[in-house]
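Participant: First the structure, which I've put down as structure tokens, then a few questions once you've had a look.
Numbering (full-length UniProt numbering), first residue to last: 1 to 247.
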């Protein structure tokens, strides 16, 4: 066997490994998304990361607050408030709201602060499967988020996406999902949340570590009132019927 043939063997081995890794990265998210159409996950990647962060900092008593509730076990005010606050075209787009992205880009170019153009589907993909990240890891996450979003919109009904978001959105440090948030701050089940309470929960998104449900400052109070107005504007429970009509 020649030296050239010997040298080619390691290269071929690494090439095969890279191809297997690429195939895994492409296929594994599809398997995850398909499985979670039917299985209610007990935790999300964000929950797991936060728990390990607490343990890593020496806070061994830190515990995540989370309690799954099906969408029909929540007050309809909860999903309506989330749609009104985060993604009013949720029923119409296929995971990516190009109009919102263009508006965010134009406003950022003018130096105005604006919320990003991420949809509820994209936020659910990030919260459930991925991480936040900075620099290169953030761009990698964005690429994977796009891939997950595509398959979630293809394989899940809109109500399943909304159900996942309502259960895994972070409403306070270590408090994930509407049920845990309702119990933590309002001492009631998510099934009994009023429009004002649901709007206050939605008002702290997407930055629940900066804004507080328990001690709402002027911004959260103003935003809560604005969300309630938007809930009425989009038709209240009628907005959910539109979502339920999308398969």
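All C-beta atoms, glycine included, are put in the ideal place defined by N, C-alpha and C.
If you're wondering where the values come from, they're calculated on a predicted model, not measured in any experiment.
Within the same chain, show all residues whose beta-carbon is closer than 7 Å to that of residue 155, passing over the 5 residues directly before and after it, in chain order.
Facilitator: By 1-based counting over the chain shown, the position of residue 155 is 155. Around residue 155: 33, 34 and 37.
Participant: Counting along the chain, where does the beta strand (DSSP E) carrying residue 172 start and finish?
Facilitator: Locating residue 172 in the chain shown gives position 172, where the first residue counts as 1. Run containing residue 172: 170-172, per the beta strand (DSSP E) assignment.
Participant: In three-state terms, what does DSSP make of residue 213?
Facilitator: On the chain shown, residue 213 is found 213 positions in, with the first residue counted as 1. Residue 213: coil per DSSP, three-state reduction.
Participant: Let me check one thing: in DSSP terms, what residues is residue 93 bridge-paired to?
Facilitator: Along the chain shown, one-based indexing puts residue 93 at 93. Answer is none; residue 93 lacks a bridge partner.
Participant: Find the nearest neighbour of residue 239 within the set 41, 159, 193 and 153, judged by alpha-carbon distance.
Facilitator: Working through the chain shown from its first residue, we reach residue 239 at position 239. Measuring from the Cα of residue 239, the nearest candidate turns out to be 159.
Participant: How many angstroms separate the CA atom of residue 180 from the CA atom of residue 16?
Facilitator: The residue you call residue 180 lines up with position 180 of the chain shown. The residue you call residue 16 lines up with position 16 of the chain shown. Residue 180 and residue 16: Cα-Cα distance of roughly 46 Å.
Participant: DSSP three-state call for residue 237: helix, strand or coil?
Facilitator: Indexing the chain shown from 1 puts residue 237 at position 237. DSSP places residue 237 in helix when its eight states are reduced to three.
Participant: Excluding five sequence neighbours on each side, which residues of the same chain lie with their C-beta closer than 6 Å to the C-beta of residue 44?
Facilitator: The residue labelled residue 44 in the question sits at position 44 within the chain shown. Excluding residues within five positions, the ones whose Cβ falls inside 6 Å are 127, 128 and 168.
Participant: For residue 176, write down the residues that DSSP places opposite it in a beta bridge.
Facilitator: Sequence index remark: in the chain shown, residue 176 carries index 176 (1-based). Residue 176 is bridged to 66 and 170.
Participant: Among the residues of its own chain, which have a CB less than 6 Å from the CB of residue 6, if the five just before and after it don't count?
Facilitator: Numbered from its first residue, the chain shown carries residue 6 at position 6. Because the pLDDT at residue 6 is just 48, under 50, the model does not fix this residue reliably, and the value given afterwards should be weighed accordingly. Once the five neighbours on either side are set aside, residue 6 has no close Cβ partner at all.
Participant: If you draw a straight line from the alpha carbon of residue 76 to that of residue 145, how long is it in whole angstroms?
Facilitator: For the purposes of this step, residue 76 is taken as the residue at position 76 of the chain shown. For the purposes of this step, residue 145 is taken as the residue at position 145 of the chain shown. For residue 76 and residue 145, the distance between alpha carbons rounds to 28 Å.
Participant: Does any heavy atom of the ligand SAM sit closer than 7 Å to the C-beta of residue 76?
Facilitator: With respect to the ligand SAM, the structure shown offers nothing to examine, as it has no ligands at all.
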